[in-house]
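Trainee:
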Amino acid sequence: MYCYQAAKRRVGTCADCGHQGMTPGRNDAGQPTCLSCSHIPLDLTCHQCGIEAWLAKKNTCWACELKTLITSLLAGPDSVVRPELIPLATALAGMQRPNSGVTWIRTNPKVATLLSSLGNGDLPLNHAAFDALPKSQTVEYVRELLIEHAVLPFRDRYVAGYERWLATKLADLQDIEQRQVIEQFGRWHHLRRLRAQAAKAPVTQNAFLHAKQSTTVATSFLHWLQERGRHIWACSQHDIDSWLSAGPTTRQQIDSFLCWAVRQRLIKGIKIPTRNYRGSPHIEEGRRLDLLRMLLLHETMPADHRIAGCLILLFGQPIQRIARMRMDHVKVTAESVELRLSREWIPVPEPFATLLRAYLGNRPHMNTAANPDSPWLFPGGMPRQPITPQMIATRLSREGLPPLAARSGTWLQLVREAPPSVLAQALGIHPITAMRHAKLAGADFLSYPRPGDSIVDG
Ligand SMILES: [Zn+2]
Ligand SMILES: [Zn+2]
Numbered sequence: 000m001y002c003y004q005a006a007k008r009r010v011g012t013c014a015d016c017g018h019q020g021m022t023p024g025r026n027d028a029g030q031p032t033c034l035s036c037s038h039i040p041l042d043l044t045c046h047q048c049g050i051e052a053w054l055a056k057k058n059t060c061w062a063c064e065l066k067t068l069i070t071s072l073l074a075g076p077d078s079v080v081r082p083e084l085i086p087l088a089t090a091l092a093g094m095q096r097p098n099s100g101v102t103w104i105r106t107n108p109k110v111a112t113l114l115s116s117l118g119n120g121d122l123p124l125n126h127a128a129f130d131a132l133p134k135s136q137t138v139e140y141v142r143e144l145l146i147e148h149a150v151l152p153f154r155d156r157y158v159a160g161y162e163r164w165l166a167t168k169l170a171d172l173q174d175i176e177q178r179q180v181i182e183q184f185g186r187w188h189h190l191r192r193l194r195a196q197a198a199k200a201p202v203t204q205n206a207f208l209h210a211k212q213s214t215t216v217a218t219s220f221l222h223w224l225q226e227r228g229r230h231i232w233a234c235s236q237h238d239i240d241s242w243l244s245a246g247p248t249t250r251q252q253i254d255s256f257l258c259w260a261v262r263q264r265l266i267k268g269i270k271i272p273t274r275n276y277r278g279s280p281h282i283e284e285g286r287r288l289d290l291l292r293m294l295l296l297h298e299t300m301p302a303d304h305r306i307a308g309c310l311i312l313l314f315g316q317p318i319q320r321i322a323r324m325r326m327d328h329v330k331v332t333a334e335s336v337e338l339r340l341s342r343e344w345i346p347v348p349e350p351f352a353t354l355l356r357a358y359l360g361n362r363p364h365m366n367t368a369a370n371p372d373s374p375w376l377f378p379g380g381m382p383r384q385p386i387t388p389q390m391i392a393t394r395l396s397r398e399g400l401p402p403l404a405a406r407s408g409t410w411l412q413l414v415r416e417a418p419p420s421v422l423a424q425a426l427g428i429h430p431i432t433a434m435r436h437a438k439l440a441g442a443d444f445l446s447y448p449r450p451g452d453s454i455v456d457g
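Per numbering that gives the first Met the number 0, the sequence shown runs over residues 0 to 457.
Have a look at this one:
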């Protein structure tokens, strides 16, 4: 069937004369042909750039349309884009799917407002000015693009997020002594750790949430002590035990505060209770194989989510680690596909290898301004960032694959097949965790060869 609208968008090589460009026609064999071979009296040449292309409107291609739109928004009162904004303008105009870019700007009024306030100078080019804007995905996206192109200095969004959150939290604390303790804990424990992490790779949302929750729990602990008429330095084992036994399980998150307080000698002579470990729920082996089959055969589910699911079900990988896998963790040759999940390269079995091979040439989010050459195996929608663990978890859960239970189920199976030390080397599963699962699985891990007689060559 001949569709006029689709025909006007078809780019390719003319089957009759070899012309490269728009191929709206069809020859007798049904192959695409160019305008002149098919005698279609259409003008599909952009009058601005001279390229034959899918046109946004008469005589203008989508790329030129996007460029004009961005220039008009980013231009100052003198209709000129300031030099410092040119990298942003170029990045935005260079999207591989300019029609999506035009839609993004036209359908989202926040984008136009943000870009024009940058253009006319109402919004200064610094992080503090961006912080003062109402929080939105658009603001963060544009900020990350500006960082990407070195217009704004590097800043990890979660480090900055925690810093800002801590400042408001401290401002709400009336008691001076409590405020000092929480400020020290927040700055010297959490912020320092987050900064160290950011120096290596973007901080994960999980680490950010953990830092916030741990600080909140520490604050309620200090309130609670105060209500019992106690200063922190007089806090006893009895206080800690009653705090833990009387409240919700989130109170267990007090442990990092207590460790820190003991190191700082704020609290003395206490034993920090270890968290109760309850055997985590796990899926049964039959279910694991069904889910694996589902992922391998699923045709409408995006490949990145299918691959993430396979990494859980085959190799017991945690989604936090999956989300941050890099392209250099995968090695593809004509004969084999290999992954490096810990210290060793391990072969990827078929048909997962085929799925992975096809995916590598076609990663998502590569066509926007965000990730022109992303090092991440799973590039995210945000510039410079990989996909978030939450996105993977949500999508997999929707397909009936609970990530945590699936990982535990996989471990239970893996420890039946190989000793904990081998799993640690090949899959990065901590030996203690592997042992715990071995016990749960009833595997006789003592009968495994010792690490020295490793059955897998390193
Ligand atoms: Zn032709
Ligand atoms: Zn053009």
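For every residue, glycine included, the Cβ atom is placed at its ideal position computed from N, Cα and C. Predicted model only: the values in this text are computed from it and were never measured.
For Gly-285, count neighbouring C-beta atoms within 10 Å of its own C-beta (all shown protein chains included) and say buried if the count is 16 or more, exposed if not.
Mentor: Under this definition Gly-285 is an exposed residue.
Trainee: Over the uninterrupted beta strand (DSSP E) stretch that includes Thr-12, give me the two end residues.
Mentor: Where Thr-12 is concerned, the enclosing beta strand (DSSP E) stretches over 10 to 12.
Trainee: Rounded to whole angstroms, what's the CA-CA distance from Tyr-276 to Val-110? Just pull it up for me.
Mentor: At Tyr-276 the pLDDT is 44, less than 50, meaning the model places this residue with poor confidence and gives no usable figure here.
Trainee: Can you list, in chain order, the residues of its chain whose CB lies under 7 angstroms from that of Val-347, leaving out five sequence neighbours each side?
Mentor: Answer for Val-347: Val-336, Glu-337, Leu-338 and Leu-355, listed in chain order.
Trainee: Could you please go through the chain and list the residues whose beta-carbon is closer than 7 angstroms to any non-hydrogen atom of ligand 2?
Mentor: Selection output, chain order preserved: Cys-45, Gln-47, Cys-48, Ile-50, Ala-52, Thr-59, Cys-60, Ala-62 and Cys-63.
Trainee: I want to see whether chain B comes within less than 8 angstroms of Val-202, judged by CB atoms only; does it?
Mentor: Protein chain content of the structure displayed is limited to a single chain, and chain B is not contained in it.
Trainee: So, at 8 angstroms on beta carbons, what are the nonlocal neighbours of Val-101 in its own chain, with the 5 sequence-adjacent residues on each side left out?
Mentor: So the qualifying residues of the chain are Ala-55, Trp-61, Glu-64, Leu-65 and Leu-68.
Trainee: Closest by CA to Val-180, which one among His-222, Thr-32 and Leu-312?
Mentor: The residue with the shortest Cα to Cα distance from Val-180 is His-222.
Trainee: Report the rounded CA-to-CA distance for Ile-271 versus Cys-258, giving the unit in angstroms.
Mentor: Approximately 7 angstroms between the Cα atoms of the pair.
Trainee: Less than 8 angstroms between C-beta atoms, sequence neighbours within five positions excluded: which residues of the same chain meet that for Asn-26?
Mentor: Correct list, in chain order: Ala-14, Asp-15, Thr-32, Cys-36 and Ser-37.
Trainee: Is Asp-42 close to ligand 1? I mean its beta-carbon at under 7 angstroms from any heavy atom of the ligand.
Mentor: No; taking the cut-off as 7 angstroms, the Cβ of Asp-42 has no heavy atom of ligand 1 nearer than that.
Trainee: On a Cα-Cα basis, can you pick out the residue from Thr-167, Pro-388 and Thr-44 that is closest to Arg-8?
Mentor: Taking only the C-alpha atoms, the option nearest Arg-8 is Thr-44.
Trainee: Just to confirm my understanding: we take His-126, look at its own chain, exclude 5 residues before and 5 after, and list those with CB closer than 8 angstroms. What are they?
Mentor: Excluding positions up to five away in sequence, the list reads Arg-142, Leu-151, Pro-152, Arg-154 and Ala-159.
Trainee: Would you say Leu-459 and Gly-185 are within 8 angstroms of each other, going by their C-beta atoms?
Mentor: Residue 459 lies beyond the residue range present for the chain, which begins at 0 and ends at 457; the question has no answer from this structure.
Trainee: How would you call Leu-296, buried or exposed, if buried means at least 16 neighbouring beta carbons within 10 angstroms?
Mentor: Answer is exposed; the Cβ neighbour count stays below 16.
Trainee: State yes or no: is the C-beta of Glu-51 within less than 8 angstroms of the C-beta of Gly-20?
Mentor: Against a cut-off of 8 angstroms, the Cβ pair of Gly-20 and Glu-51 comes out as a contact.
Trainee: Quick one: grab the DSSP three-state call for Val-216.
Mentor: Helix at Val-216.
Trainee: Let me know if Cys-48 comes out buried or exposed under the rule of 16 or more other beta-carbons within 10 Å of its beta-carbon.
Mentor: Label assigned to Cys-48: exposed.
Trainee: Between the alpha carbons of Leu-395 and Leu-114, how many angstroms are there, rounded?
Mentor: Cα to Cα, the separation comes out at about 35 angstroms.
Trainee: Between which residues of its own chain and Ile-266 is the CB-CB distance below 8 angstroms, once the five residues before and five after are set aside?
Mentor: Once the five neighbours on either side are set aside, the close Cβ partners of Ile-266 are Ile-231, Trp-232, Cys-234, Leu-257 and Ala-260.
Trainee: Within the same chain, show all residues whose beta-carbon is closer than 6 angstroms to that of Ala-302, passing over the 5 residues directly before and after it, in chain order.
Mentor: So the qualifying residues of the chain are Tyr-358.
Trainee: Could you tell me if Leu-288 is buried or exposed, where buried requires 16 or more neighbouring beta carbons within 10 angstroms of its beta carbon?
Mentor: By the 10 Å Cβ count, Leu-288 comes out exposed.
Trainee: Excluding five sequence neighbours on each side, which residues of the same chain lie with their C-beta closer than 8 angstroms to the C-beta of Asn-119?
Mentor: Within the same chain, Asn-119 has close Cβ partners Gly-75 and Pro-76.
Trainee: What is the rounded straight-line gap between the Cα of Gln-251 and the Cα of Ala-206?
Mentor: If I take the Cα positions, the gap works out to 17 angstroms.
Trainee: Please report how far the alpha carbon of Asp-327 lies from the alpha carbon of Ala-195, in whole angstroms.
Mentor: Cα to Cα, the separation comes out at about 22 angstroms.
Trainee: Helix, strand or coil for Val-80, going by three-state DSSP, please let me know.
Mentor: It is a strand residue.
Trainee: Whole angstroms are fine: how far does the CA of Ile-345 sit from the CA of Gly-408?
Mentor: Going from the Cα of Gly-408 to the Cα of Ile-345 covers about 21 angstroms.
Trainee: So if DSSP puts Cys-258 in a beta bridge, which residue, or which two residues, is it bridged to?
Mentor: Cys-258 pairs with nothing; no bridge assigned.
Trainee: Please work out which residues of its chain come closer than 6 angstroms, Cβ to Cβ, to Pro-382, disregarding the five sequence neighbours upstream and downstream, and give them in chain order.
Mentor: The answer, listed in chain order, is Glu-143, Leu-144, Glu-147 and Ala-369.
Trainee: DSSP state of Lys-56, grouped into three classes?
Mentor: Note: Lys-56 maps to strand in three-state DSSP.
Trainee: Using DSSP with H/G/I as helix, E/B as strand and the rest coil, what is Met-293?
Mentor: Of the three classes helix, strand and coil, the one that applies to Met-293 here is helix, per DSSP.
Trainee: What residue ranges within the segment 361 to 396 form continuous beta strand (DSSP E) runs of no fewer than 3 residues, ordered along the chain?
Mentor: Fully enclosed beta strand (DSSP E) runs of 3 or longer: not present.
Trainee: Ligand 1 and Asp-15: does the residue's C-beta get closer than 7 angstroms to at least one heavy atom of that ligand?
Mentor: Yes, the Cβ of Asp-15 comes within 7 angstroms of a heavy atom of ligand 1.
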